[in-house]
Amino acid sequence: MSYNKIKWAILLIPTITLGLWEYVRHQFLLPYLSMELGNFLAPIIVLLVTLTLLTKLFRMMEDTQSMLQREKAMKAVFEEREQLARELHDGISQSLFLLSVKLDKLEQAEESSDRAAATEQIRGTVRHVYADIRQSIANLQAAPVTTDVPWMNAIRELAEDTRTNGRLQVKLDWRLSDGLLNGKEQVELLAILRESVMNVRKHAHASELTVTSEPLEGGFHVTVRDNGIGADTDAMWAKGRFGIRMMRDRAQSMGWTFTASGTAGQGTTITIEKARGGRHER
1 MSYNKIKWAI
11 LLIPTITLGL
21 WEYVRHQFLL
31 PYLSMELGNF
41 LAPIIVLLVT
51 LTLLTKLFRM
61 MEDTQSMLQR
71 EKAMKAVFEE
81 REQLARELHD
91 GISQSLFLLS
101 VKLDKLEQAE
111 ESSDRAAATE
121 QIRGTVRHVY
131 ADIRQSIANL
141 QAAPVTTDVP
151 WMNAIRELAE
161 DTRTNGRLQV
171 KLDWRLSDGL
181 LNGKEQVELL
191 AILRESVMNV
201 RKHAHASELT
211 VTSEPLEGGF
221 HVTVRDNGIG
231 ADTDAMWAKG
241 RFGIRMMRDR
251 AQSMGWTFTA
261 SGTAGQGTTI
271 TIEKARGGRH
281 ER
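Going by the UniProt record's numbering, the sequence shown opens with residue 1, and the numbers climb by one from there.
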């Protein structure tokens, strides 16, 4: 039985029971039962039906709610695993391909200086792959985002994790409460924030990261800004920049506006905005 049918059954069964009792009493039992006895038996009959049928329906409703919560949690886990799969495919796999190319160059190098330069490049690529793997493992160990846990805790943990795993100073000015976004919006926005923070840690060489948010009438405005090496806006959208495209696709799937801007040497700014009337569900 579906959740809505259970709710309607709980609402209607006491009324139908009382109506049937009154009908049977007046049509068939009136010569045998006094009015006082019939009025006395009416609440007892409703109580007995409630204890038998409605108790079972309440258990069914609780089981349905638990199943919905589990499905919501599993959906969040699958989305996080999908994100990690994209990171592994478009991040680590590309780095390994680049590593194989550099190894070929090392084998073909004849001068010792060329070998030394190729060796140093290989070391840098290995360090990059190592950092990617560590980040992916950390993401796998992180608890999935569900609405069972206050969403603000996940935001604070993201900022705290960024502080404790590097020299990056994080400033968090968060003004969106749990109730302003539904479960789907919370999952998608946190995924975008995780990706943007990870990009800053991996590529920006920044010393300061600022994450701000503020509610708008019917929506919100979120900004992630760093003071790193930055890049021109055209370069940010160049082929192979999978992370920023993934963030944009997530935002667009929710009907949000996503912008990324930067200047070489002056840092990068990511903005996610939901205007009034924006879509809530995918």
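Glycine included, each C-beta is placed from N, C-alpha and C at the ideal position.
For clarity, every value in this text was computed on a predicted model and none was experimentally measured.
- Rounded to whole angstroms, the Cβ separation of residue 162 and residue 209 is 7 angstroms, and the two are in contact under 8 angstroms.
- Here DSSP, grouped into helix, strand and coil, assigns residue 179 to helix.
- Leaving aside the five residues that flank residue 100 on each side, none in its chain has a CB nearer than 6 angstroms to its CB.
- Counting along the chain, no alpha helix (DSSP H) covers residue 31, and no H or E run does either.
- Closest in C-alpha terms to residue 81, from the list 227, 216, 191, comes 191.
- The alpha-carbon separation between residue 58 and residue 39 amounts to approximately 27 angstroms.
- From the listed residues 204, 2, 16, the smallest Cα separation to residue 65 is found for 2.
- For residue 270, the enclosing beta strand (DSSP E) begins and ends at 268-274.
- Contact between residue 196 and residue 167 is ruled out by a C-beta separation of about 18 angstroms, above the 8 angstroms threshold.
- If you ignore the 5 residues before and after residue 173, its C-beta comes within less than 8 angstroms of the C-beta of 210, 211, 212, 213, all in its own chain and listed in chain order.
- A straight line joining the alpha-carbon of residue 153 with that of residue 252 spans about 25 angstroms.
- Nearest to residue 183 by C-alpha distance, out of 257, 243, 219, 73, is 73.
- Distance between residue 44 and residue 7, taken at the CA atoms: about 23 angstroms.
- Per DSSP, the unbroken beta strand (DSSP E) holding residue 262 starts and ends at 257-262.
- For the set 113, 225, 15, 219, the Cα lying nearest the Cα of residue 179 is the one of 219.
- For residue 230, the secondary structure class from DSSP, reduced to helix, strand or coil, is coil.
- Nearest Cα to residue 227 within the set 217, 234, 205, 233: 205.
- At least 8 angstroms separates the beta-carbon of residue 246 from that of residue 188.
- Look at residue 221 here: in three-state DSSP terms it is strand.
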